[in-house]
Amino acid sequence: MKNLSSSEIRQMYLDFFKSKGHAIMPSASLVPVDDPTLLWINSGVATMKNYFNGTIVPKNPRMTSSQKSIRTNDIENVGRTARHHTLFEMLGNFSVGDYFKDDAIAWAWELLTSDKWFGWDPAKLYVTVYPKDDAAKKRWEEVGVSPDHIVEQEDNFWDIGEGPSGPDSEIFYDRGQSFNNLAEDDPENYPGGENERYLEIWNIVFSQFNHEPDGSYKPLPRKNIDTGMGLERVVSVFQNAKTNFETDLFLPMIHATESYSDGKQYGQDPKQDISFKVIADHSRAVTFAIGDGALPSNEGRGYVIRRLIRRAVVNGQKLGIKGAFLYKLVPVVGEVMKAYYPEVLQNADYIAQVVKSEEDRFNATLADGLNLLNSLIEETKKSGKSKIDGAEAFKLYDTYGFPVELTREYAFDDHITVDEDGFKAEMKKQRDRARKARNADNSMGVQSDVLVGVKTPSEYVGYTQLAVKNAKVTDIVADGKLTDATEGEVAQVIFDKTPFYAEMGGQVADKGDVLDENGNLIATVEDVQHAPNGQNLHTLKLHRGIKVGDQMTLKVDAHFHSKVKKNHTATHLLDQALRDVFGEHTQQAGSLVEPNYLRFDFTHFGQVTEADLAKVEAIVNQKIFEEIPVTTTITDQATGKKMGAIALFSDKYGDKVRVVSVGDYAIEFCGGTHVKNTNELGLFKITSETGIGAGTRRIEAVTAGDAYEYLEKHSQILTNAALKLKSQQVTEVPDKIDQLQETVKALTNKAASLEAKLASQQAGAIFDNVQDVNGKKLITGVVQVSSMDQLRQLADTWRQKNLSDVLVLGAEVGEKANLIVAVSDDTIKAGVKAGDLIKAISPKINGGGGGRPNLAQAGGKNPAGLQDAMTEASKWLSNLN
Numbered sequence: 080m081k082n083l084s085s086s087e088i089r090q091m092y093l094d095f096f097k098s099k100g101h102a103i104m105p106s107a108s109l110v111p112v113d114d115p116t117l118l119w120i121n122s123g124v125a126t127m128k129n130y131f132n133g134t135i136v137p138k139n140p141r142m143t144s145s146q147k148s149i150r151t152n153d154i155e156n157v158g159r160t161a162r163h164h165t166l167f168e169m170l171g172n173f174s175v176g177d178y179f180k181d182d183a184i185a186w187a188w189e190l191l192t193s194d195k196w197f198g199w200d201p202a203k204l205y206v207t208v209y210p211k212d213d214a215a216k217k218r219w220e221e222v223g224v225s226p227d228h229i230v231e232q233e234d235n236f237w238d239i240g241e242g243p244s245g246p247d248s249e250i251f252y253d254r255g256q257s258f259n260n261l262a263e264d265d266p267e268n269y270p271g272g273e274n275e276r277y278l279e280i281w282n283i284v285f286s287q288f289n290h291e292p293d294g295s296y297k298p299l300p301r302k303n304i305d306t307g308m309g310l311e312r313v314v315s316v317f318q319n320a321k322t323n324f325e326t327d328l329f330l331p332m333i334h335a336t337e338s339y340s341d342g343k344q345y346g347q348d349p350k351q352d353i354s355f356k357v358i359a360d361h362s363r364a365v366t367f368a369i370g371d372g373a374l375p376s377n378e379g380r381g382y383v384i385r386r387l388i389r390r391a392v393v394n395g396q397k398l399g400i401k402g403a404f405l406y407k408l409v410p411v412v413g414e415v416m417k418a419y420y421p422e423v424l425q426n427a428d429y430i431a432q433v434v435k436s437e438e439d440r441f442n443a444t445l446a447d448g449l450n451l452l453n454s455l456i457e458e459t460k461k462s463g464k465s466k467i468d469g470a471e472a473f474k475l476y477d478t479y480g481f482p483v484e485l486t487r488e489y490a491f492d493d494h495i496t497v498d499e500d501g502f503k504a505e506m507k508k509q510r511d512r513a514r515k516a517r518n519a520d521n522s523m524g525v526q527s528d529v530l531v532g533v534k535t536p537s538e539y540v541g542y543t544q545l546a547v548k549n550a551k552v553t554d555i556v557a558d559g560k561l562t563d564a565t566e567g568e569v570a571q572v573i574f575d576k577t578p579f580y581a582e583m584g585g586q587v588a589d590k591g592d593v594l595d596e597n598g599n600l601i602a603t604v605e606d607v608q609h610a611p612n613g614q615n616l617h618t619l620k621l622h623r624g625i626k627v628g629d630q631m632t633l634k635v636d637a638h639f640h641s642k643v644k645k646n647h648t649a650t651h652l653l654d655q656a657l658r659d660v661f662g663e664h665t666q667q668a669g670s671l672v673e674p675n676y677l678r679f680d681f682t683h684f685g686q687v688t689e690a691d692l693a694k695v696e697a698i699v700n701q702k703i704f705e706e707i708p709v710t711t712t713i714t715d716q717a718t719g720k721k722m723g724a725i726a727l728f729s730d731k732y733g734d735k736v737r738v739v740s741v742g743d744y745a746i747e748f749c750g751g752t753h754v755k756n757t758n759e760l761g762l763f764k765i766t767s768e769t770g771i772g773a774g775t776r777r778i779e780a781v782t783a784g785d786a787y788e789y790l791e792k793h794s795q796i797l798t799n800a801a802l803k804l805k806s807q808q809v810t811e812v813p814d815k816i817d818q819l820q821e822t823v824k825a826l827t828n829k830a831a832s833l834e835a836k837l838a839s840q841q842a843g844a845i846f847d848n849v850q851d852v853n854g855k856k857l858i859t860g861v862v863q864v865s866s867m868d869q870l871r872q873l874a875d876t877w878r879q880k881n882l883s884d885v886l887v888l889g890a891e892v893g894e895k896a897n898l899i900v901a902v903s904d905d906t907i908k909a910g911v912k913a914g915d916l917i918k919a920i921s922p923k924i925n926g927g928g929g930g931r932p933n934l935a936q937a938g939g940k941n942p943a944g945l946q947d948a949m950t951e952a953s954k955w956l957s958n959l960n
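Heads up: the sequence shown at position 69 corresponds to 148 in the numbering used here, and the numbers run straight through without jumps.
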């Protein structure tokens, strides 16, 4: 066996398929872009759905990748099995309608067994096939697999319901008898069974059918190949590791954790090793997830991160680690993965800051969890029970991150057990919810071939001209079908050349008109999108019929276009200004460039202050006033990156890229339209800033004339305020407001003082009127006060003077009625509780309330019923046994 590192293995796989004509696709962000069906990128094919369903035609139908992925549906198994992980890398090779079964099988065997590549012993390899897939079985034999190493498996058919499906082949590596954990006659002791000896390392899906709604299977118009090889598993084979955790992908984090523990070492105790493995696994997942822009929160993917951090912290405590430690593993992860993911080390300080903040927060939460657990134990003991309820144990696990075994350990000291069956039932409910959340959209997606075969060239000329004569109609789609002519009201049309920008990169599409040679209106352009092969596809509202071959004049709405490009250039300035103010960790999380405003989403851990926004706004305006030239360079990606151009994870770039440079200040890859000089923007004004999710902020802003209108509107508001305040100049408005606030404060204090005196006078009269009811002294009364607070103050005075056993007061505040009931401590012992009395009398005011035994309050909508409530209080007390 070759002695290879994980980095060398990953690169060898990619190099092999590159030698077979595959394009190496970069590892996409773990946070899905424009795909609400996925919480995380969870496989290599998840990033390529648009290629497989025909939405986009790839430049190269052969692709390969090493894609970082996250799956957390079996999180409780992490550390307990040899191969469960939350974050893993999936090596894959893909064919979109190009090669199929013969090549996929031959290349897999070559990679695995050729001395030039992996060089594994063929005798140690087994493959499984679908029993009816004779072609796959025959091909495996042709490439050199011994017939007795080919196993037929009925479940070797990839099918997720409606959509693409087909047989698959799994490849297993025989790790030898020393890994055998089953009896020789065990029915699971075979390649494909549940055992430790035969390790599944590769799955090749031959997607060749479409599962129809009626249950039938029809051949796909384009057959595809989708494969997945777990890097962690392959590395464990090369490095002869007992589990994935004893490889160079995990051991550095395990050894670092040893140094933080109280002398514990990996390999000393199997139960202890689980904690080391959990920490190593979770440190990778949270580091990559936060690095890709996700942040801890109470929902969605943010909750996943929070849960992973909490599990790691709890397992750290089991190893005797006190205080925050997980954040220290971030640079360790970065060092391990730097060969293919250098951005992790580049952002390590920021990622560590986020992790430490969450750890510190959870340490306080963990203390709350311990308090709750102790209370549960005490309540269980008092009730005479010997078990903690399963639902409560699950709450500790799900809310506070307490594994059930930790709850079991704490309870054991008090001779209390845990309702394990109840806990498992709650866990099953959670898994069922998780399974329902996962859906078939993780697969390739249903193919749509209407425009896939349309490859007629179309030239976009809108960077330099906004009107084109003699543009020829090359393709028409009407009613979902390609046609040579249409008389309908709406059609999608491709021209051989066009000045209309197709929506992309957050910039909206151009609008405008289609004219005949005499300038008469033929159609209105309502939208422009990219067709699968990249042409600009125009959605036209037709005023008359059109046919293929017609030549027309295309005219963009110049005013609309001008406003959009100003706002697009402003987003580039804003993007860089945010980095200047908040740091390089800030990333664009989305944008929208409209003619009347721009919207920019960005990642940021923490709040954004008014002072921060003022700095950002000042920087952008300064760049506008400096009149900086905006230039575009067409080059290759490598050169663009050397120029310092910022690339977005969400965008896929071709061989040639456009680099838009605002001087040497803001440099980005961008296919949008821009001004020639920043002075065209005139002015930039931020109109709002809000949080839209965990760690994601949104800024909306305007430029040029819209910025002027915004400021003019606010200037008019200020001018009107000055008039109402009788200020000679608007600059006096703040001082006038301060004076008014002082006056209001003084009047409020005076009114409060007068109300207190009035309440005191009323109290004197009411407190003297003591009734004897059923052996209890009762004081009731309706008083004139301005708030419930004053009613509570009267109740405090009553209690201090010990004037009676029960007090009931009411007041009309605005259009509502308020009630308060107070009961002395001795009277409570006699069975009179304020909460019971308030519930009895509050219906008289059409309201409800509650409180403690000694004090309760209520509110209602019927002030006219206050006196009836007083009478009802006397009746209730007289009827009390």
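Each residue gets a CB set at the ideal place from its N, CA and C atoms; glycine is no exception.
Can you tell me whether T577 is buried or exposed? The criterion is at least 16 other CB atoms within 10 Å of its CB, across all chains shown.
Result: buried.
Check for me: the beta strand (DSSP E) holding D439 runs from which residue to which?
That residue, D439, is in no beta strand (DSSP E); its alpha helix (DSSP H) goes 427-461.
How many angstroms separate the CA atom of S315 from the CA atom of A335?
20 Å
Can you list the beta strand (DSSP E) stretches of 3 or more residues lying completely in the segment 710-749, in chain order?
735-741, 745-748
Mapping DSSP to helix, strand and coil, what is P813?
helix
C-alpha distance - L657 paired with N700, whole-angstrom precision:
As the crow flies, the alpha-carbon of L657 is around 13 Å from that of N700.
For Q840, count neighbouring C-beta atoms within 10 Å of its own C-beta (all shown protein chains included) and say buried if the count is 16 or more, exposed if not.
exposed
Need the endpoints of the alpha helix (DSSP H) that N129 sits in, please.
128-131
Using a Cβ-Cβ cutoff of less than 8 Å, which residues in the same chain neighbour I280 once the five nearest sequence positions on both sides are dropped?
Closer than 8 Å at the Cβ level, and outside the excluded window around I280, lie I250, F251, Y252, M308, G309, R312, V313, V316.
Output the distance between the C-alpha atoms of G133 and N612, rounded to the nearest integer angstrom.
Between G133 and N612, the alpha-carbon positions lie close to 9 Å from each other.
State the start and end residues of the unbroken alpha helix (DSSP H) segment that holds S953.
Element bounds for S953: 945-957.
Quick one: what's A777 bridged to in DSSP?
Per the sequence shown, the amino acid found at residue 777 is Arg instead of Ala. According to DSSP, R777 bridges with D680, T769.
With 16 as the cutoff for other CB atoms within 10 Å, does L328 come out buried or exposed?
By the beta-carbon neighbour count (other beta carbons within 10 angstroms, threshold 16), L328 is buried.
Alpha carbons only, please: which of V862, G854, V540, N853 is nearest the one belonging to E834?
V862
Quick check: the Cα distance between T565 and S193, rounded to an integer number of angstroms?
57 Å
Distance, Cα to Cα, D213 vs W237?
16 Å
So for N977, helix, strand or coil by DSSP?
The chain is shown from 80 up to 960; residue 977 falls before or after that span and cannot be answered.
Going by C-alpha distance, which of D659, D247, G469, T444 is nearest F285?
The residue among D659, D247, G469, T444 with its C-alpha nearest the C-alpha of F285 is D247.
Quick one, are the C-beta atoms of Q936 and G930 less than 7 Å apart?
yes
Would you call T366 buried or exposed, if buried means 16 or more other Cβ atoms sit within 10 Å of its Cβ?
Classified as buried, T366 has 16 or more neighbouring CB atoms from the shown chains inside 10 Å of its CB.
Extent of the continuous alpha helix (DSSP H) run through K397
379-397
Helix, strand or coil for N758, going by three-state DSSP, please let me know.
helix
Taking the alpha-carbon positions, what's the A202 to L398 distance?
42 Å
Please report how far the alpha carbon of G501 lies from the alpha carbon of K464, in whole angstroms.
15 Å
To the nearest angstrom, report how far apart I778 and A745 are at their CA atoms.
18 Å
Using three-state DSSP, classify Y205 as helix, strand or coil.
strand
Assigned secondary structure, F324 (DSSP; H/G/I helix, E/B strand, else coil):
helix
Just to check my reading of the structure: F324 and K356 have Cβ atoms closer than 8 Å, yes? What is that Cβ distance to the nearest angstrom?
5 Å
Can you give me the Cβ contacts of G567 inside the same chain, cut-off strictly under 6 Å, excluding the 5 residues immediately before and after it?
A557
Start-to-end residues for the alpha helix (DSSP H) that takes in D341:
DSSP places D341 in no alpha helix (DSSP H); its state is neither H nor E.
Specify whether the segment 87-96 and the segment 143-163 touch according to this definition: at least 3 beta carbon pairs, one from each stretch, less than 8 Å apart.
yes
Report the residue ranges of all beta strand (DSSP E) runs contained in full by the segment 569-611; include only those spanning at least 3 residues, in chain order.
569-574, 591-594, 600-609
Please state whether the Cβ-Cβ distance between G591 and V635 is less than 7 Å.
yes
Nearest residue (CA-CA) to V892, options Q869, P266, V754
Q869
Beta-carbon spacing of A470, V483 below 7 Å:
no
Using C-beta distances below 7 Å, list every residue in its chain close to A490, excluding the 5 sequence neighbours before and after it, in chain order.
I456, I467, T496, V497
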